[in-house]
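Numbering (our numbering), first residue to last: -10 to 417. What follows is a set of notes on a single structure, which appears directly below.
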């Protein structure tokens, strides 16, 4: 099994959380200079060197083809992004032309009036026809594109090959089989969780809802309304919460587990299965699971199907205050283009967003195939509204899961969660 490169804190942060600035008043200068300094903000990394080398190569290529342009790159801390973007939106003189940001932050930034509409750029860029449609959806608000997907990340099913071999098990091919397999393992190996299913692991639960035909929320008449209490969504919630059971993953131990802790339980040898991301491989490789695991796509409701995964990742966008809009778009086409997405994968293990590039990296590295297969089966995303940050911060869905895990019936728990979600949505 091939060892993966370090997955950075920036990846995890932008895949898991999103927060944005408040509404601000920003206007576009109307200028579009083709010379001068192009200012770029990118997220800093725990180990910046590999990323910086790729970025520097892209900058060198861009400057070579734009003799009167200097690209100035600054690396900003992920944890301070809300304050930095709020400042940039309020003071265009301090704002970059191009910025990297998490796709879960997009709706807040668009609502704040800070980002340029790149729909026309995408329509006129030949390479964009190879962008994964479902990943491109993460760059949209109200059907307009505000960023170019630079990299993405999805989760799949990790399992212990030695335990499966010992018990004569095959990887589950449906969510029903997943539940039964996890129960069988716990029965035969009571020292392990059948699967590490965290009560606070919302991104593991989402595929169960989508695979059952449910939705987190639906948009109609200009506003979002929760759909977590629909019959289809309840089926998905019921299947996921059935994993939080003494016969699989005891609630007193698992109801408080986050995504990171669920993966750690697997990596540390405490669980026979876990739902984890491509960005978790290094941690698993370095743990007790070591070389004794494999990964398959998380199965869906039907045998042989793949559950839709949440598509996290980062975008590159142009700030609306930029007076180098055309240059900014041209730079994004270089840095987020196929050539440098491939190089960024080689440097940082960032999953590419172009399907043809995905195919190439999967051919070179079989370890990535389950994640590419998951991506190409179609991913899903959270509602594109700033209200989602409130819903996430209030832990509405984890609270729902924990209530069910500790004895509440599914119907009243989902009804209460829907009411709280709708309160956050308001008229948005």
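No residue lacks a Cβ here, since even glycine has one placed at the ideal position from N, Cα and C.
(message) On the DSSP bridge list, what partners appear for residue 144?
(response) 266
(request) Taking residue 213 as part of the beta strand (DSSP E), name the residues at either end of that continuous run. (result) 212 to 215
(request) Note down the Cα distance separating residue 272 from residue 253, rounded to an integer number of angstroms. (result) 8 Å
(message) Could you check whether residue 186 and residue 232 sit closer than 8 Å to each other, using their CB atoms as the reference points?
(response) yes
(message) Within 10 Å of its beta-carbon, does residue 408 have 16 or more other beta-carbons around it, so buried, or fewer, so exposed?
(response) exposed
(message) Could you give the first and the last residue of the continuous beta strand (DSSP E) run that contains residue 114?
(response) Unbroken run through residue 114: none, as it is neither H nor E.
(message) With a threshold of 7 Å on Cβ separation, who are the neighbours of residue 281 within its own chain once the five nearest residues in sequence on each side are excluded?
(response) 149, 150, 151
(message) In whole angstroms, give me the CA-to-CA distance for residue 385 and residue 229.
(response) 16 Å
(message) For a minimum of 4 consecutive residues, which ranges assigned as the alpha helix (DSSP H) are wholly contained in the segment 45 to 83?
(response) 70 to 79
(message) Residues in the same chain with beta-carbon distance under 7 Å from residue 174, minus the five sequence neighbours each way, listed in chain order, please.
(response) 152, 156, 181, 183, 261
(message) Going by beta-carbon coordinates alone, are residue 414 and residue 370 separated by less than 8 Å?
(response) no
(request) Would you be able to state if there are at least three C-beta pairs under 8 Å between the segment 87 to 101 and the segment 301 to 312? (result) yes
(request) Determine the contact status of residue 343 and residue 328, defining contact as a CB-CB distance below 8 Å. (result) no
(request) Identify whether residue 305 lies in helix, strand or coil by the three-state DSSP scheme. (result) strand
(message) Tell me the DSSP secondary structure of residue 225 in three-state form.
(response) helix
(request) Pick helix, strand or coil for residue 401, following the three-state DSSP scheme. (result) helix
(request) Would you mind sorting residue 83 into buried or exposed? The rule is 16 or more other CB atoms within 10 Å of its CB. (result) exposed
(message) I need the straight-line Cα distance from residue 276 to residue 147, nearest angstrom please.
(response) 13 Å
(message) Quick check: what's the CA-CA separation for residue 44 versus residue 331?
(response) 12 Å
(request) Since I believe residue 144 is in contact with residue 266 (beta carbons under 8 Å), could you give me their beta-carbon distance rounded to a whole number of angstroms? (result) 5 Å
(message) So, does the segment 54 to 61 touch the segment 116 to 128, judging by three or more C-beta pairs under 8 Å?
(response) no
(message) Quick check on residue 154: buried or exposed, where buried means 16 or more other Cβ atoms within 10 Å of its Cβ?
(response) exposed
(request) Just confirm the distance between the C-beta atoms of residue 62 and residue 96, as a whole number of angstroms; I'd bet it's less than 8 Å. (result) In fact, because the Cβ distance is near 26 Å, the residues do not count as touching under 8 Å.
(message) Tell me the residue span of the alpha helix (DSSP H) that contains residue 248.
(response) 248 to 256
(request) Please name the residue, chosen from 67, 366, 33, 259, that lies closest to residue 237 on a Cα-to-Cα basis. (result) 259
(request) Give every residue of the same chain whose Cβ lies closer than 7 Å to the Cβ of residue 411, excluding the five residues on either side of it in the sequence, and list them in chain order. (result) 214, 215
(message) According to DSSP, simplified to helix, strand and coil, what is residue 230?
(response) helix
(request) Look up residue 138 in the DSSP assignment and give the residues it is bridged to. (result) 304
(message) Is the beta carbon of residue 163 closer than 8 Å to that of residue 290?
(response) yes
(request) Quick one: give me the first and last residue of the beta strand (DSSP E) that residue 32 is part of. (result) 25 to 32
(request) With DSSP as the reference, label residue 237 as helix, strand or coil. (result) coil
(request) Check each candidate in 50, 98, 382, 76 and name the one with the smallest Cα separation from residue 373. (result) 98
(request) Below 6 Å CB to CB, which residues in the same chain sit around residue 256 once its five sequence neighbours on both sides are set aside? (result) 272, 273, 276, 278
(message) Quick check on the burial criterion: 16 or more other C-beta atoms within 10 angstroms. Buried or exposed for residue 293?
(response) exposed
(request) Answer with buried or exposed for residue 4, where buried requires no fewer than 16 other C-beta atoms within 10 angstroms of its C-beta. (result) Residue placement at residue 4 is flagged as unreliable, the pLDDT there being 44, under the threshold of 50; a coordinate-derived value is accordingly withheld.
(request) Look at residue 247 and residue 189 and say whether their C-beta atoms are less than 8 Å apart. (result) yes
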